[in-house]
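Trainee: I am attaching a structure below and will ask some questions about it afterwards.
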Amino acid sequence: METRELGLSGIRITPIITGTWQAGKNMWVGVEDAETIQAIRAAFDAGITTVDTAEVYGKGHSEQIVAEALAEVRSQAVYMTKVFANHLKYEQVLAACDSSLKNLKTDHIDLYQIHWPAGAFGSEIVPISETMRALNDLKQQGKIRAIGVSNFSRVQLEEAAQYGRIDSLQPAYSLFWRSVEKDAMPYCIANQISILAYSPMAQGLLTGKFSANHQFDPADNRAKNKLFQGDNFVRAQEALAKLRPIADRYQTSLANLSLAWLIAQPQTQAITGVRHADQAIANATAADVKLSPDDLAEISAIGQIVTDHLDDNPVMWNW
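-18 is the number of the first residue of the sequence shown in our numbering; add one for each residue after it.
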């Protein structure tokens, strides 16, 4: 698989990245460790050498699963993890990083990201200058190679960048969820900041596998996803019907069509969550789908059937 530079870091990442929120099990149902380990390794073997996790995913369980899956090939893999919003004081960042290093069984983290801005989910407000000082020190010590942020607005990203080099932004971004295009994307393009899109298939909605009467387990985070509710879900089904003929022309799936569209956007890579090896292998083939400019434009327009009716709230869930 082709690789791209992460920001200006010199680190090479794949356009498709393995996501491991579900590996932590918390807020997901029916996830088995053995299957997740097989899926992460299958993704690596299929060419997806970049993996994203976080300390908050199952309180470190996801990081431990990544280590179990990829320890033998660590030198060939790129590890991305995140420090949560409740650990953004200087000493907390250092301690969280050490904990993640231990969970991942590695001596360095390739990309260390602030998961949510200070104040999110009722967390304490910590000046970004303090958090960035800790991250810069970790970088100087060689414990991390690059710094990123997640769920930051353009204003928050610009403020963080005053205190050190930011090489990535991780927002929710898919054909059906595109607020980043209006907000932070122009800044990222101008400053060579990589966009690492999470929920690139709108938590499975863009696969087309969910029928109109589908009901999620209340313990599944997707039960609160705005795109699966009311008129948003109806409009999504309308858009999917228009996307199917395009996918057929390229002899690919709806999922891979949406991924191919996304990684063709400026500075953008897609983080795809996997539960099973076959999903991981299928995701890898999306990098081979090369859409024409006309089809990219048509797909963008179809996505607006959904996005034109969404508000400006960047959070995808009714939490």
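Think of the CB as a built atom: it goes at the ideal place given N, C-alpha and C, for glycine as much as any other residue.
Relative to the C-alpha of residue 220, which candidate in 280, 200, 173, 190 has its C-alpha closest?
Mentor: In the sequence shown, counting from the first residue as 1, residue 220 sits at position 239. That would be 280, whose Cα lies nearest to the Cα of residue 220.
Trainee: Less than 9 angstroms between the C-beta atoms of residue 4 and residue 47, yes or no?
Mentor: Position 23 of the sequence shown, counting from 1, holds the residue named residue 4. Position 66 of the sequence shown, counting from 1, holds the residue named residue 47. The beta carbons of residue 4 and residue 47 sit closer together than 9 angstroms.
Trainee: Can we say the region 117 to 136 touches the region 195 to 202, given the rule of at least three CB pairs closer than 8 angstroms?
Mentor: Contact between the region 117 to 136 and the region 195 to 202 is absent: fewer than 3 CB-CB pairs across the two stretches fall below 8 angstroms.
Trainee: Can you tell me whether DSSP reads residue 270 as helix, strand or coil?
Mentor: The residue you call residue 270 lines up with position 289 of the sequence shown. The answer is coil: DSSP assigns residue 270 none of H, G, I, E or B.
Trainee: When the Cα atoms are used, what is the spatial distance from residue 233 to residue 133?
Mentor: Counted from its first residue, the sequence shown places residue 233 at position 252. Counted from its first residue, the sequence shown places residue 133 at position 152. Using only the alpha carbons, I get a separation of about 33 angstroms.
Trainee: Flag residue 162 as yes when its Cβ comes closer than 8 angstroms to any non-hydrogen atom of the ligand ADP, and as no otherwise.
Mentor: Absent from the structure shown: the ligand ADP. Ligands present: none.
Trainee: Spatial neighbours of residue 276 within its chain, please: C-beta separation below 7 angstroms, excluding the five flanking residues on both sides.
Mentor: What you label residue 276 is simply residue 295 of the sequence shown in a count that begins at 1. Apart from sequence neighbours up to five positions away, the residues of its chain that approach residue 276 with a beta-carbon distance below 7 angstroms are 227, ordered along the chain.
Trainee: Determine the contact status of residue 98 and residue 66, defining contact as a CB-CB distance below 9 angstroms.
Mentor: Looking up residue 98 in the sequence shown gives position 117. Looking up residue 66 in the sequence shown gives position 85. Yes, the pair counts as a contact, with Cβ atoms nearer than the cut-off.
Trainee: So, are the CB atoms of residue 301 and residue 151 less than 9 angstroms apart?
Mentor: There is no way to answer for residue 301, as the model of the chain reaches only from -18 to 300.
Trainee: Quick check: the region 230 to 250 against the region 210 to 220, are there 3 or more CB pairs under 8 angstroms?
Mentor: Of all C-beta pairs linking the region 230 to 250 to the region 210 to 220, fewer than three are shorter than 8 angstroms, placing the two stretches out of contact.
Trainee: Pick helix, strand or coil for residue 37, following the three-state DSSP scheme.
Mentor: Along the sequence shown, one-based indexing puts residue 37 at 56. It is coil, neither helix nor strand.
Trainee: Between residue 250 and residue 53, what straight-line distance do the alpha-carbon atoms span, to the nearest angstrom?
Mentor: Numbered from its first residue, the sequence shown carries residue 250 at position 269. Numbered from its first residue, the sequence shown carries residue 53 at position 72. Taking the straight line from one Cα to the other gives about 25 angstroms.
Trainee: Using the beta-carbon count (16 or more within 10 Å), is residue 102 buried or exposed?
Mentor: The residue labelled residue 102 in the question sits at position 121 within the sequence shown. By the 10 Å Cβ count, residue 102 comes out exposed.
Trainee: Along the chain, where does the beta strand (DSSP E) containing residue 301 start, and where does it finish?
Mentor: No answer is possible for residue 301: it lies beyond the span of the chain, which begins at -18 and ends at 300.
Trainee: Nearest to residue 264 by alpha carbon, out of 69, -10, -4?
Mentor: Position 283 of the sequence shown, counted from the first residue, corresponds to residue 264. Closest option to residue 264, Cα to Cα, is -4.
Trainee: In chain order, what residues of the same chain lie with their CB nearer than 8 angstroms to the CB of residue 370, ignoring the 5 residues before and after it?
Mentor: Residue numbering for the chain in the displayed model covers -18 to 300; residue 370 lies beyond these limits and cannot be assessed.
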